[in-house]
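Peer 1:
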Amino acid sequence: MFGRDRSVVNRHIKGVYSEQELEQESTSAKFAQVRFEGDREIERTILHYNLDVIIAVGYRVKSPLATEFRRWATRKLKEYLLKGYTLNEQLLTQKSGQVERLQEEIVQLNQKLLDSQKEITTGFLGVITNYARSFELLSKYDNEELTTSGLNEDIIYVINYEEVKRAIKALKEDLMGKEEAGELFGNEKDDSFQGLLGSISQTVFGQLAYPSIEEQAAQLLYSVIKGHAFSDGNKRIGSFLFVWFLEQNQFHLKMDGQKKITDNTLVVLALAVAQSLPEQRELIIKLIINIIKT
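Mind the numbering: the sequence shown is residues 16 to 309 in my numbering, read in order.
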């Protein structure tokens with residue numbers, strides 16, 4: 016190899032590994048080969064090396080062929096560093112027809128990239144427009160500037176303990192039918208759940224403590240999840256009652272008929288409530304209120 020005998024090459028290979036220039040396990044492998052020595056068929060295990068080892072040896076061996084290799088390698092490396100690519104001119108000459116087709120494909124690809132860039136720009140504008148309200152809420156949430164003004168106080172449905180129990184029972188039966196809930200789901204630990212519902216619709220000096228649909232819905236979601244009034248299913252029950260209450264008050268849809276609370280939004284809100292700290296209660300409730308009123 017490179018005009019030098021086996022002993023010289025082996026010595027340089029040992030140097031490559033001893034100096035930890037390459038790892039032997041990843042650059043060599045043993046393969047069985049069958050040879051005939053006279054009339055005998057002999058199987059020997061031969062050690063093979065990959066291209067990394069050949070290149071490393073090429074930089075170590077002293078011979079005219081190795082010197083030529085190093086000049087070629089340096090030229091190609093410089094070409095790559097300056098241009099970002101290298102070309103096999105001999106192969107390109109042999110496959111000139113393929114090169115011409117490649118050039119045509121590159122022109123077409125450039126045009127597609129330009130068209131794609133226009134689509135991406137349009138997409139960005141669409142995201143900014145469609146989610147402008149979300150960005151605004153995130154900014155206000157970060158700066159604790161969420162407000163509770165301009166809420167809807169036209170409450171059609173006043174939450175009722177017995178009706179809520181029936182709704183939870185129907186939810187439980189549906190989930191058990193799909194094997195997504197067990198017997199403990201929706202079982203009240205004590206009378207705290209009834210008290211929780213009463214606190215949401217309570218009045219103070221003849222006025223509702225939470226006079227708007229948004230406030231009552233937010234309090235319902237937060238209190239059921241955080242109250243842990245059930246043996247199992249607190250997050251699911253809280254999420255269910257939240258959207259159920261909005262539907263009962265005909266306040267679950269946007270002006271364009273789309274749902275205010277998508278499935279993903281509901282999951283995120285439930286997890287945000289569950290993982291929030293007690294001192295974040297007011298901030299989380301304000302966030303829920305602002306999402307509902309959009």
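Even for Gly, the Cβ is constructed at its ideal location relative to N, Cα and C.
Fair warning: this is a prediction, and the values are worked out from it, not measured in the lab.
Short of 6 Å in beta carbon distance, which residues of its chain neighbour residue 210, apart from the five on each side in sequence? Order them along the chain.
Peer 2: none
Peer 1: Taking the C-alpha atoms as reference points, what is the distance between residue 224 and residue 175?
Peer 2: C-alpha separation (whole angstroms): 16 Å.
Peer 1: By the DSSP assignment, the beta strand (DSSP E) with residue 47 in it spans what residues?
Peer 2: 43-52
Peer 1: Tell me whether residue 88 is buried or exposed, calling it buried when 16 or more other Cβ atoms sit within 10 Å of its Cβ.
Peer 2: exposed
Peer 1: On a CA-only basis, which of 186, 306, 16 is nearest residue 163? Give me that one, please.
Peer 2: 306
Peer 1: Do the region 216-223 and the region 274-293 touch if we need at least three Cβ pairs shorter than 8 Å?
Peer 2: no
Peer 1: Does the beta-carbon distance from residue 311 to residue 18 come in below 8 Å?
Peer 2: Because the chain is modelled from 16 through 309, residue 311 falls outside the range shown and cannot be assessed.
Peer 1: Going residue by residue through the region 167-229, where are the continuous alpha helix (DSSP H) segments of at least 4 residues, counting only ones entirely within it?
Peer 2: If you keep only unbroken alpha helix (DSSP H) runs of at least 4 residues inside the region 167-229, you get 176-192, 207-215.
Peer 1: In the DSSP assignment, what are the bridge partners of residue 243?
Peer 2: None, per the DSSP bridge assignment.
Peer 1: Compute the Euclidean distance between the alpha carbons of residue 256 and residue 280, then round it to the nearest angstrom.
Peer 2: 15 Å
Peer 1: Taking only the alpha-carbon atoms, compute the straight-line gap between residue 73 and residue 90 and give it to the nearest angstrom.
Peer 2: Each residue's CA atom was taken as its position, placing residue 73 and residue 90 some 15 Å apart.
Peer 1: Between which two residues does the alpha helix (DSSP H) holding residue 92 run?
Peer 2: 79-98
Peer 1: Going by CA-CA distance only, name the one from 277, 45, 195 that's closest to residue 63.
Peer 2: 45
Peer 1: Does the beta-carbon of residue 253 have 16 or more other beta-carbons within 10 angstroms, so that it is buried, or is it exposed?
Peer 2: buried
Peer 1: Go through its chain and collect everything with a Cβ distance to residue 39's Cβ below 8 Å, but skip five positions before and after it.
Peer 2: 32
Peer 1: Could you tell me how far apart the beta carbons of residue 246 and residue 199 are, in whole angstroms, since I believe they sit closer than 8 Å?
Peer 2: 4 Å
Peer 1: Start and end of the alpha helix (DSSP H) containing residue 251?
Peer 2: 249-263
Peer 1: Which of the three DSSP states, helix, strand or coil, is assigned to residue 64?
Peer 2: strand
Peer 1: Any idea if residue 277 is buried or exposed, counting beta-carbon neighbours within 10 angstroms, 16 or more meaning buried?
Peer 2: By the neighbour-count rule (16 or more Cβ atoms within 10 Å), residue 277 is not buried but exposed.
Peer 1: Classify residue 51 as buried or exposed, calling it buried when 16 or more other Cβ atoms lie within 10 Å of its own Cβ.
Peer 2: exposed
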